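For reference, the structure discussed in these notes is given below.
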Amino acid sequence: MLTTLRRIVLEFSQEAELQNALERMVSSVKKAMKTDCCSIYLADYHQQHFLLMASDGLAKTSQGQTCIGFSEGLVGLVGQREEPLNIADAQQHQDFIHAPEVEEEDFNAFLGTPIIHQRKVLGILAIQQKESRHFTENDEAFLVTLSAQLAGALANAEIKNLLNQQEEHNQGVKQLHGIAGAPGIALGQIFVCQPQADLAAVSLKKSNDRPKQLLRFEQAVEKTRLEFNALSSKLSETIDDDSLAIFDVYKQLLEHANLGQEVAAKIAQGWRADSALRLVIEHYISQFEAIEDSYFRERASDIRDLGTRLLINLQQQAQEEQLLPNEFILLAQDVSAAMVAQYQHQGLLGIISLSGSNNSHAAILARSLGLPAIMGVNAIVLSQLHQQQAILDGYSGELFIKPDETLIQEYQYLLSQEKALTDKVMAVAHLPCITQDGRAIEVLLNAGLSAGFEHNAQLGALGIGLYRTEIPFMNRHCFPSEQEQTKLYRKVLQVFPKHSVTMRTLDVGGDKSLPYFPINEENPFLGWRGIRITLDHPEIFLVQVRAMLRANQGLNNLEIMLPMISGVEEVDESIRLINQAFAELKAELTTAITTELMSASNADGHLSLQQAQLKAQAVSAQLVRPKVGIMLEVPSVIFQMEALAKRVDFFSVGSNDLTQYLLAVDRNNSQVANLYDAFHPAVLTALNSLAQQSAQYLTPISLCGELAAQPAGAILLLAMGYDKISMNGHNVPRIKWVIRHITFTQAETILAKVLTLTTAKQVHSYLNEQLEALGLGVFIHAGG
Ligand code: PEP
Ligand code: MG
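Each residue of the sequence shown is one higher than the one before, counting from 1 in the UniProt record's numbering.
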């Protein structure tokens, strides 16, 4: 049964046309279930009825014609009850309605199941039989399973169909929905960035330009060879010679005499470079996999890896060659933070990602750049949207393809309002962030997600509360050197010479991966992430910390923050390493100054070595070890605050991860995005407890998750007693405005009420009401 089921679902998703897919499916089900009729009805929510789309058994003429109201007949009943209906004699059922045109007089038994996707009934799948009998439990189980599996494919197919119709008729605005990822509106042309580096997905194509294809391949080989050299010399200190030998194998394979020659031969036959690569690699893999010896069989995966690396470099060239429009909305299967960073200065207007959710790092980065984004827009055929005109509504998560003039004007008006609000808050952004009754809270900047560091001094932020160091590690082929990091961090520290700059040590893993340090895990957010990686690799941690300390010399505004702390051992070990790096640097500085003093004094001999050393020690004693703090984002810390407070200088809550881990909702999974909510009463209670405990243990606390950037979130955090809140630059002036227009007493009253509520929905509606009452309603939409 399982194979039949798989086959039917597979056949369904492989059909290009929805109508053909439905017709093929009903026939297959009828045959598999040895029954007399199978039909599928699709819901039309505008018309409030089910339309008979395909049937093998009912009159062909009724297909696409017969409609059954949502509250009519057995089909309507299945939809209303959202469960299967198994009836031996349908015609006798009180809800049966006679539709003569379908010619079902001979059928008695009826089994119908709803097809439900994301809690919405998409249609009804029904089988009928002449014999008057109940269908068996197995029949029921089969149909329910099939309907559940078809649901996703059907949702996809419906949207594909919608777009196809649009292609054919070239008329009408089409609307797609996703998750509102970053507020704002973008009007412009879509640019599709195709997923990279899947050899199996390369379509086999020929090209007339053989020399060009050969050149592309040779350039990709050269680039890959250089990457291997860099990687093997980088790793030579940490891995043994046997493991390093793999790079030699790869390099040999790349030689012209081996794989390279074969690809060149295929190109000479007229194949495009990527097609030729696929043909050769697949041939090699099949040969290796056929060998009995396990050593050789394993080499197949090396070949695949090598092929993928070559393909990445080939496709990067193609991507580079593809001309970007002056302004565009980026659309990709999985928009990553690195991609946003890559395109941010090239006319990027907004982002549409088929996967991900509103707390994916790509969405966070979009918010920090003030770019609208929609995440988790399911079921789009990427290529169909390339170069289409669109309106992206990042407030509601709606995407309009080929908008008409009226819609464009409506959105242009909204854009002008949005701009007026920005101008209004920016005009007073420099004023201190104090409530009307005199309570101050510091508003700081989250930075680092974008490739270059940009700061607009007009935003009015008092330093950096979170500098994410990951992105500079991402757009590269190997880890950045200590020197490179020092330079970068120094630049960042110099932006706020009079304020603290909190730099977080590398927090990769989860949805942030490094191309040269692949991590493959079933559950990346519960896996090797943040401090877990860097403590396992002290060489990476020490280099980074040393770079931060070096950058801090003479500025002394650095604070170091550790991500993903789940217990005190991690803190102890990190602090031990930070102290080690600090001691090393101090010793290095003393030696350098001593040498300098001695060489200067050699001329007149006025200093003895001992005097020089003493002087050098006095100078290096001025080196200040920065404060060290931790992120509170793994729920275990809620119960260890006393022990943690003894070890660190400050806390900063990462509400993005704290929400994810408290609610057990992957922040990157669009399927469960509706369950991810930082305003969930459990999250708010945890945040309140963290603030109270840090006050009790006399340790400063701030919050740097996305919650701080939401007006209602900032009000609650103020009332809870957070000393600082840190957020993206776009929201700094807005949040300052909000705080300056309320009193602390009002915030406390709001918090007291919120802490009595039991659902996130109640919290949201109460907070929205309060914002309206305070005259801050305009920020509800804009703050998102
Ligand atoms: C957080 O988890 O809230 C946070 C600020 O860090 P990140 O979003 O980078 O995980
Ligand atoms: Mg985090």
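Beta carbons are placed, not taken as given, at the ideal position from N, Cα and C, and that holds for glycine. For clarity, every value in this text was computed on a predicted model and none was experimentally measured.
Residue i versus the options, residue with shortest Cα-Cα distance
i: Ala-773; options: Glu-570, His-741, Gly-178, Asp-404; result: His-741
i: Val-672; options: Leu-314, Ala-682, Thr-659; result: Thr-659
i: Ser-326; options: Phe-191, Gln-417, Leu-407, Ala-300; result: In the sequence under discussion, the amino acid at residue 326 is Asn, which differs from the Ser named in the question. Out of Phe-191, Gln-417, Leu-407, Ala-300, Phe-191 has the C-alpha closest to the C-alpha of Asn-326.
i: Ser-336; options: Lys-402, Gly-356, Ile-291; result: Gly-356
i: Val-425; options: Thr-66, Val-340, Ile-739, Val-571; result: Ile-739
i: Ala-200; options: Ala-276, Ile-352, Tyr-411, Ile-750; result: Ala-276
i: Lys-60; options: Leu-77, Phe-50, Glu-104, His-49; result: Glu-104
i: Leu-526; options: Asp-666, Ala-332, Leu-310, Val-495; result: Asp-666
i: Pro-700; options: Leu-707, Leu-690, Ala-708; result: Leu-690
i: Asn-229; options: Leu-214, Ala-587, Asp-248, Gln-219; result: Asp-248
i: Leu-703; options: Thr-435, Val-443, Leu-154; result: Val-443
Exposure label - residue i; buried when at least 16 CB within 10 Å
i: Thr-3; result: exposed
i: Ile-97; result: exposed
i: His-730; result: buried
i: Ser-636; result: exposed
i: Gln-710; result: buried
i: Pro-84; result: buried
i: Glu-227; result: buried
i: Ile-291; result: exposed
i: Val-754; result: buried
i: Thr-759; result: exposed
i: Gln-344; result: buried
i: Met-474; result: buried
i: Asn-523; result: exposed
i: Met-1; result: exposed
i: Gln-409; result: exposed
Coil, strand or helix - residue i by DSSP
i: Val-501; result: strand
i: Gly-777; result: coil
i: residue 785; result: Beyond the ends of the chain as shown, which are 1 and 784, falls residue 785; an answer cannot be given.
i: Gly-463; result: coil
i: Ala-41; result: It is worth fixing the name first, because residue 41 is Tyr in this sequence and not Ala. Note: Tyr-41 maps to strand in three-state DSSP.
i: Ile-351; result: strand
i: Gln-65; result: coil
i: Ile-519; result: coil
i: Lys-206; result: strand
i: Phe-12; result: helix
i: Gly-184; result: coil
i: Met-641; result: helix
i: Asp-56; result: strand
i: Ser-608; result: coil
i: Asn-170; result: The pLDDT assigned to Asn-170 is 45, lower than 50, so where the model puts this residue is not dependable; a value taken from the coordinates is nonetheless given after this. The answer is coil: DSSP assigns Asn-170 none of H, G, I, E or B.
i: Leu-311; result: helix
i: Ile-401; result: strand
i: Ala-678; result: coil
i: Met-1; result: coil
i: Ser-396; result: coil
N-terminal and C-terminal residue of the beta strand (DSSP E) that residue i is part of
i: Pro-114; result: 109–117
i: Gln-483; result: Taken as a continuous stretch (DSSP letters only), Gln-483 belongs to no beta strand (DSSP E), being part of the alpha helix (DSSP H) at 482–495.
i: Phe-541; result: Per DSSP, Phe-541 belongs to no beta strand (DSSP E); it is in the alpha helix (DSSP H), 538–552.
i: Ser-702; result: 701–703
i: Val-653; result: 650–653
i: Asn-446; result: 442–447
Residue range of the unbroken alpha helix (DSSP H) whose run includes residue i
i: Asp-437; result: Unbroken run through Asp-437: none, as it is neither H nor E.
i: Val-340; result: 337–343
i: Leu-757; result: That residue, Leu-757, is in no alpha helix (DSSP H); it is neither H nor E in DSSP.
i: Gln-580; result: 568–601
i: Met-720; result: 711–720
i: residue 788; result: The requested residue 788 does not occur in the structure, where the chain is confined to residues 1 to 784.
i: Met-474; result: 470–474
i: Ala-366; result: 361–369
i: Asn-86; result: Premise fails: Asn-86 lies in the beta strand (DSSP E), 85–87, not in any alpha helix (DSSP H).
i: Lys-419; result: 405–427
Contact under 7 Å by Cβ, residue i with residue j
i: Ala-581; j: Val-619; result: no
i: Thr-30; j: Asp-56; result: The residue asked about is misnamed: residue 30 is Lys in this sequence, not Thr. Yes.
i: Gly-350; j: Leu-392; result: yes
i: Met-375; j: Asn-358; result: yes
i: Gly-713; j: Gly-394; result: no
i: Gly-397; j: Ala-180; result: yes
i: Ile-124; j: Phe-50; result: yes
Proximity test, residue i beta-carbon vs the ligand SAM heavy atom, cut-off 6 Å
i: Ser-601; result: What this structure holds is the ligand PEP and the ligand MG, not the ligand SAM.
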